[in-house]
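Undergrad:
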Amino acid sequence: MRHQYHPLGFDGSRIAQGFWRLEEWNMTSSETLGFIEACLDLGVTTFDHADIYGGYQCEALFGEALKLKPALRDKMEIITKCGILLPSDNRPDIQVHRYDYRAEHILASVDQSLANLQCEYIDTLLLHRPSPLMDADEVAQAFDLLFTLGKVKHFGVSNFTTRQFDLLQSRLDAPLIINQVELSPLALQHFEDGTLDHVQQHAVTPMAWSPFAGGELFSGTSEQAKRVQAVLSKLAQDNNCSVDQVVIAWLLRHPAGICPVMGSGKIDRLAVAVEAMSTHLSDDDWFRVWIASKGQPVP
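Numbered according to the numbering used here, the sequence shown terminates at residue 307, and the numbering increases by one at each position without gaps.
(1) Find out if the Cβ-Cβ distance for the pair P263, L225 is shorter than 9 Å.
(2) Only counting the same chain, and skipping five residues up and downstream in sequence, which positions put a Cβ closer than 6 Å to that of W28?
(3) My guess is that G20 and E85 are in contact by the Cβ rule of under 8 Å, so how many angstroms apart are they, rounded?
(4) Contact check, G216 vs V269 under 8 Å by CB: the rounded distance?
(5) Taking the beta strand (DSSP E) that L176 falls in, what are its first and last residues?
(6) Identify the residues that DSSP records as bridge partners of W298: which are they?
(7) Report yes or no: do the region 111-130 and the region 171-178 share at least 3 C-beta pairs separated by less than 8 Å?
(8) Just the C-alpha distance for G271 and F220, rounded to the nearest angstrom, thanks.
(9) One question on the structure: do R99 and G71 come within less than 9 Å of each other, judged by their Cβ atoms?
(10) Are there 16 or more other CB atoms within 10 angstroms of the CB of S218, so buried, or fewer, so exposed?
(11) For H162, report the span of its alpha helix (DSSP H) as first-last.
(12) Under 9 Å, do I92 and L134 count as touching if we go by C-beta distance?
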């Protein structure tokens, strides 16, 4: 029996808030709830998680906060990921850092995420990284069951190549709606390797992890970082905005519809990113950043 999947793809906010550092923020449940509410007030409704974040603790910290006001669940889109096995003090049963896409593991991981997040369903489940041992048919069986049981509404991937994406999609009834990859003015590989062309072709949303290159855009000392920093600073001055906003505006300018994932626990940083949606870079300015990153003129 074939199940009917909803035809719509990713329908979240243009900016996403990530919670991979939630444990480091040292917030109480009430403080985390306040942060969640502040995100929603800014129009940021997409929240990005993974089972392994914070040594397998961040989902549960988020869930404890959401438990204080469960009605907020209907106002957000929760994304989480599975598939990485990460040795941790909290998971002494895991001996080797590797990947696991057996149906048994995917189903168990989703059940654990639902318990941690204190939710009845996940909006979008992503496979966290491609595995050389991924059996696409077995993944498809797990996805189909999760959808049928109402535990997951949509599916996607993270860090998949276009061919890995196509292999999995060929086995699925459900459309993959997200590929979350590293994108920033210092990480241009997915602009050039066909990933962003591929997502446009298939109406898939590219989510950008590490949009500020892990802070290298602010404090990096490589020649590439220094070249880009100089251009970003000039554009921030010319556009009367911050460097953060220039970076976000640069990503948003791309026709693929990039959704940057913010990682700071400071609501002011998220507010700055949201304001960047009103910052419009000219093609000249966009290419100034590109050329600085490449270190040479376009061909």
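Even for Gly, the Cβ is constructed at its ideal location relative to N, Cα and C.
Keep in mind it's a predicted model, so treat the numbers as computed, not measured.
TA: In terms of the structure at hand:
(1) Position 255 of the sequence shown holds residue 263. Position 217 of the sequence shown holds residue 225. The answer is no: Cβ separation not under 9 Å.
(2) Residue 28 sits at position 20 when you count from the first residue of the sequence shown. Excluding residues within five positions, the ones whose Cβ falls inside 6 Å are Y61.
(3) Residue mapping note: residue 20 aligns to position 12 of the sequence shown, counting from 1. Residue mapping note: residue 85 aligns to position 77 of the sequence shown, counting from 1. Contact between G20 and E85 holds: their C-beta atoms lie close to 4 Å from each other, under 8 Å.
(4) Stepping through the sequence shown from its first residue, residue 216 is reached at position 208. Stepping through the sequence shown from its first residue, residue 269 is reached at position 261. According to the sequence shown, residue 216 is Ala rather than Gly. Correct: roughly 6 Å between the Cβ atoms.
(5) Looking up residue 176 in the sequence shown gives position 168. Here L176 belongs to no beta strand (DSSP E); instead the alpha helix (DSSP H) covers T170 to Q177.
(6) By one-based count along the sequence shown, residue 298 stands at place 290. W298 is not bridged to any residue.
(7) no
(8) For the purposes of this step, residue 271 is taken as the residue at position 263 of the sequence shown. For the purposes of this step, residue 220 is taken as the residue at position 212 of the sequence shown. Each residue's alpha carbon lies about 10 Å from the other.
(9) As a first step, residue 99 must be located in the sequence shown, where it is residue number 91. As a first step, residue 71 must be located in the sequence shown, where it is residue number 63. No, the Cβ-Cβ distance between R99 and G71 is not below 9 Å.
(10) For the purposes of this step, residue 218 is taken as residue 210 along the sequence shown, with counting starting at 1. A residue is called buried when at least 16 other Cβ atoms come within 10 angstroms of its Cβ; S218 meets this threshold and is buried.
(11) Stepping through the sequence shown from its first residue, residue 162 is reached at position 154. Careful: H162 lies outside any alpha helix (DSSP H), inside the beta strand (DSSP E) at V160 to S166.
(12) What you label residue 92 is simply residue 84 of the sequence shown in a count that begins at 1. What you label residue 134 is simply residue 126 of the sequence shown in a count that begins at 1. In this structure, L134 does not lie closer than 9 Å to I92 by Cβ.
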